[in-house]
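K.L.:
As you go down the protein sequences, you meet chains A and B in turn. When we follow this note's numbering, the leftmost residue of the first sequence carries the number 73, and every step to the right adds one. When we follow this note's numbering, the leftmost residue of the second sequence carries the number 1104, and every step to the right adds one. Heads up, the beta-carbon is just placed ideally off N, CA and C, and yes, glycines get one too. Just passing along the structure, written as structure tokens.
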Amino acid sequence: MCGLCGILGPDEHWTDSDDSLKQRAGAETRRRERAYQVALTNRVLGHYGLKMADWQGASFVVSNRTGASEVIDHFAALWPTAEKMTKTVCDPLDPGLIAALEPT
Amino acid sequence: MSRYAGFLPVNVITGFLGSGKTTLLKRLLESPDMADTAVLINEFGEVGLDHHLLEQVDENIVMLQSGCLCCTIRDDLATSMRDLWERRAAGEFGFRRLVVETTGLADPAPIIYTLMADPVIRYHFRLGNIITTIDAVNGLQQLDRQPESVKQAAVADRIVLTKTDIADDDEAALRDRLRDLNPAAPIFLAQEKLTAKKLLTSDLYDPKSKTREVAHWIDAEAFAADDHHHRHDVNRHAGDIRSFCLTFDGSLDWTAFGIWLTMLLQAHGVDVLRVKGLLNVKGMPGPVAIHGVQHVVHPPVHLKRWPDDDRRSRIVFIVRGLERGAIEASLTAFNGLAQGRDAAA
């Protein structure tokens, strides 16, 4: 990611719109919501051997177990990036994934 | 009400060849409610017959040049809409509503996609609703043989049956088929007194719209009735298109839902013709309306009140080949991730 992208900031994603997260900003800060989003996403990414981290509240870093990483500016880029890194389709309807998400 | 209420509504009129789209549009444009309406017509073939039928509003008509909106013209649609917006901003003419009439062969999804995804258009226009005309004489045959016709019926917010006065076939069979495909869309007869308000001007994002419109938009009861009365012989639908409504007790976690839907649309967006829902989101006082078409999701809208006493989340899916049970199990599992919210964060 270049400095200019950091200044301009990413385009708004629908999960992050005025009518969703921001309405709850009084109860939870935006920063905490983002940390929560990362934590929850990692529960899913773990099934594919991936992990996502917040990068200064402006973008995300997706990495695999060998240390390869990709910076994404936008949550919308997560799943295409995950599929590129794993060379597999990340399918939420996959019974294997659903079983992995069940509480142990 | 959301800031999207201030965006210009776009109504899409679609329907198979010869199903009476232009006749319907012409009637609706005569209504005083449709003053200040611009119209975009997708001309198909060399002769713009549709254009001649609509000469009385030609000042605000921009003809799309050729072909079908779903592939070659999608850019044209975006360009035409941007052009209209610029002319409006320049004060050339004012309009407060846009109607797009598609070709009979158009796949409506890319048109909706253009509205939601174009980086300029999505900040000025919003989808009002989709009206699909179905010819009572040939409608059943078209639904059997033409995948475009099935898609047009499946994504409709309202269906208008035309030519019922000259149809020999059993209208009930056609209605059954349409209810099977799209239980939530109310069916009107072109012969009845159809007002612009009834068909076009009342929609979910309209601040003047009543909660009744919200109930209309996501008519879970219609799906419940459909489940009860109809067998689900999915193979009879061209292209294996089906619709169903999932309901969830309790509240949904917005973050988990967002992760799930973005993942679903990445993996299966091409087969999710439409998804719309009223969600009971944890921590939100009223319902959140979500609306997606294939890979794109319209920014969600927070509504002040529920349309009825039912506080369950309701999500309508119109899909091709995807199993209801798999989608339900998947969303339930993702929402379950949020059980230990405090621990996770």
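For the putative contact between S1454 of chain B and L1382 of chain B, defined by C-beta atoms under 8 Å, what is the C-beta separation to the nearest angstrom?
P.N.:
Chain B is shown from 1104 up to 1448; residue 1454 of chain B falls before or after that span and cannot be answered.
K.L.:
Let me know the secondary structure DSSP gives P1402 of chain B once reduced to three states.
P.N.:
As a position in the second sequence, residue 1402 of chain B is number 299, starting the count at 1. P1402 of chain B: strand per DSSP, three-state reduction.
K.L.:
So with Cβ pairs under 8 Å, would you call T176 of chain A a contact of chain B?
P.N.:
Here residue 176 of chain A is taken as the residue at index 104 of the first sequence, counted from 1. Cβ-Cβ to chain B under 8 Å: no for T176 of chain A.
K.L.:
What residues from chain A crowd round G1361 of chain B, counting only those whose CB sits closer than 7 Å?
P.N.:
For the purposes of this step, residue 1361 of chain B is identified with residue 258 of the second sequence, where counting begins at 1. Near G1361 of chain B (Cβ distances below 7 Å), the residues of chain A are T87.
K.L.:
Quick check on the burial criterion: 16 or more other C-beta atoms within 10 angstroms. Buried or exposed for E1251 of chain B?
P.N.:
The residue you call residue 1251 of chain B lines up with position 148 of the second sequence. Looking at its Cβ environment, which holds 16 or more other Cβ atoms inside 10 Å, E1251 of chain B is buried.
K.L.:
Going by DSSP in three states, F1437 of chain B sits in which element: helix, strand or coil?
P.N.:
Your numbering for residue 1437 of chain B matches position 334 in the second sequence. If DSSP states are grouped into helix, strand and coil, F1437 of chain B belongs with the helices.
K.L.:
Note down, in chain order, every chain A residue with its Cβ under 7 Å from the Cβ of S1252 of chain B.
P.N.:
The residue labelled residue 1252 of chain B in the question sits at position 149 within the second sequence. Chain A residues near S1252 of chain B: none, gap ~28 Å exceeds 7 Å.
K.L.:
Tell me, please, whether the segment 1264-1274 of chain B touches the segment 1229-1242 of chain B by the rule of three or more beta-carbon pairs shorter than 8 Å.
P.N.:
yes
K.L.:
Quick one: list the residues of chain B neighbouring A148 of chain A, beta-carbon separation under 7 Å, in chain order.
P.N.:
Taking the first residue of the first sequence as position 1, residue 148 of chain A is located at position 76. In chain order: T1365.
K.L.:
Name the chain B residues whose beta carbon is nearer than 7 Å to that of R64 of chain A?
P.N.:
No answer is possible for residue 64 of chain A: the residues shown for chain A start at 73 and end at 176.
K.L.:
Run through chain B and tell me which residues come within less than 9 Å of Q128 of chain A, C-beta to C-beta.
P.N.:
Taking the first sequence and counting its residues from 1, the one referred to as residue 128 of chain A is at position 56. Those do not exist, as Q128 of chain A stays about 18 Å from chain B at its closest Cβ, beyond 9 Å.
K.L.:
What in chain B is Cβ-close to L122 of chain A, meaning under 9 Å?
P.N.:
The residue labelled residue 122 of chain A in the question sits at position 50 within the first sequence. The premise fails here: L122 of chain A is roughly 13 Å from chain B at the closest Cβ pair, so nothing lies under 9 Å.
K.L.:
Do you know how far the Cα of L1277 of chain B is from the Cα of I1116 of chain B?
P.N.:
One-based indexing of the second sequence puts residue 1116 of chain B at position 13. One-based indexing of the second sequence puts residue 1277 of chain B at position 174. Cα to Cα, the separation comes out at about 20 Å.
K.L.:
Is there a Cβ of chain A sitting closer than 8 Å to that of P1403 of chain B, yes or no?
P.N.:
The count along the second sequence starts at 1 and reaches residue 1403 of chain B at position 300. So, interface residue.
K.L.:
At what residues does the alpha helix (DSSP H) containing T153 of chain A begin and finish?
P.N.:
Start at 1 with the first residue of the first sequence, and residue 153 of chain A comes out as number 81. Run containing T153 of chain A: L150 to T158, per the alpha helix (DSSP H) assignment.
K.L.:
Which of the three DSSP states is assigned to V1384 of chain B in this structure?
P.N.:
To locate residue 1384 of chain B, count along the second sequence from 1; it is residue 281. In this structure, V1384 of chain B counts as strand in the three-state DSSP scheme.
K.L.:
Establish whether the CB of D163 of chain A and some CB of chain B are separated by less than 8 Å.
P.N.:
Position 91 of the first sequence, counted from the start, is the residue given in the question as residue 163 of chain A. With a threshold of 8 Å between beta carbons, D163 of chain A makes contact with chain B.
K.L.:
Are at least three pairs of beta-carbons, each pair with one atom in the segment 145-164 of chain A and one in the segment 1215-1234 of chain B, less than 8 Å apart?
P.N.:
no
K.L.:
Is any beta-carbon of chain B found at less than 8 Å from that of I144 of chain A?
P.N.:
Working through the first sequence from its first residue, we reach residue 144 of chain A at position 72. No, I144 of chain A lies away from the interface with chain B (no Cβ there is under 8 Å from its Cβ).
K.L.:
What's the C-alpha gap between W1357 of chain B and I1344 of chain B?
P.N.:
Within the second sequence, residue 1357 of chain B is the residue found at index 254, counting from 1. Within the second sequence, residue 1344 of chain B is the residue found at index 241, counting from 1. Spanning the alpha carbons of W1357 of chain B and I1344 of chain B requires a straight line of approximately 28 Å.
K.L.:
Please list, in chain order, the chain A residues whose beta carbon lies closer than 7 Å to that of S1433 of chain B.
P.N.:
As a position in the second sequence, residue 1433 of chain B is number 330, starting the count at 1. Here the neighbours are P164, L165 and I170.
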